[in-house]
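Undergrad: After the structure tokens below, expect a handful of questions from me.
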Amino acid sequence: MIDPKATGAALLLVALSLAAMAYGGGQTPAAQQMLSPFQRTKAEYLLRERLPCLGCHRLDGEGGVIGPDLSAVADRRSPEFIRRMIYDPQTTLPGTIMPKTPMPDSWRDLIARYLAERRGAGGEVKDPVTAASPPSRPSGGRELYIRFCAPCHGASGGGDGPNARYLPVRPTVHADSAYMSTRPDDTLFDGVYGGGYILNRSHRMPAFGSTLTREEIWSLVRYLRELCRCRGPAWSRDGR
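In the numbering used here, the protein residues as written are 13 to 252.
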């Protein structure tokens with residue numbers, strides 16, 4: 013006669029064993045399941061046409077050179093590290109200039125899974141070790157500009173930073189007084205805070221609103237006015 017309790021225990025053991033196999037030693041089933049062709053195409057579209065990632069990173073020969081090449085990033089970084097960098101780069105790697113990009117979590121998960129499948133010839137997966145004490149944060153408009161803006165816009169605001177030639181649209185020339193005098197301070201703030209996409213300009217200009225404080229962004233705006241030696245349009249100055 014079959015003991016129902018023993019049968020139930022056996023079934024539970026089988027279920028737990030299958031669950032452990034699915035998790036693959038700590039990885040979630042979603043992390044191991046390969047993306048469908050549709051999901052892969054969507055991830056590539058987001059990276060190339062909607063998100064700012066390729067403003068700094070390269071992917072299959074396209075994109076900037078500020079950050080690591082993503083073409084075979086899974087040869088060097090673990091899926092968990094990739095995911096954490098997309099969700100919270102400043103906490104994951106203190107001192108990085110990579111900002112946290114506003115997007116739905118579903119996009120973050122999709123991009124993380126896509127990059128975790130990007131493999132090449134193979135290599136040693138070794139995640140960076142977080143320093144015991146984070147590097148000092150830049151202070152003042154000029155220091156912030158040199159760190160976060162100059163790689164694309166140039167140290168003097170000429171739109172000629174070392175990364176500029178890898179972008180499909182030339183970065184704004186902040187030293188151009190004729191152009192910059194048409195841009196209200198609020199618009200400059202919005203561009204830094206929300207990125208180029210919200211201003212209907214290049215989506216490869218990232219948003220720094222989750223990385224810099226409002227006062228730091230206003231410090232940048234004031235420094236932009238020093239670079240262009242100009243003020244915004246008269247109607248935007250609130251009597252100043």
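Yeah, the Cβ is synthetic: ideal placement off N, Cα and C, and Gly gets one too.
#1: What would DSSP say about L58, mapped onto helix, strand or coil?
#2: Am I right that A86 and A128 are in contact with their C-beta atoms under 8 Å? What's the rounded C-beta distance?
#3: Note down, one range per segment and in chain order, each alpha helix (DSSP H) of at least 4 residues found wholly within the stretch 83–129.
#4: What does the alpha-carbon distance come out to for the pair F201 and S231?
#5: Whole alpha helix (DSSP H) runs in the stretch 152–222 with 4 or more residues, listed along the chain?
#6: With H, G and I counted as helix, E and B as strand and the rest as coil, what does DSSP make of E74?
#7: Can you say whether K138 is buried or exposed, counting buried as having 16 or more other CB atoms within 10 angstroms of its CB?
#8: Whole angstroms is fine: what's the gap from P174's alpha carbon to I78's?
#9: Which first and last residues belong to the alpha helix (DSSP H) in which L236 is found?
#10: DSSP on Q45, reduced to helix/strand/coil?
TA: Reading from the atomic positions:
#1: helix
#2: 5 Å
#3: 91–99, 101–104, 117–128
#4: 10 Å
#5: 153–156, 162–165, 189–192, 197–206
#6: strand
#7: exposed
#8: 9 Å
#9: 226–240
#10: coil
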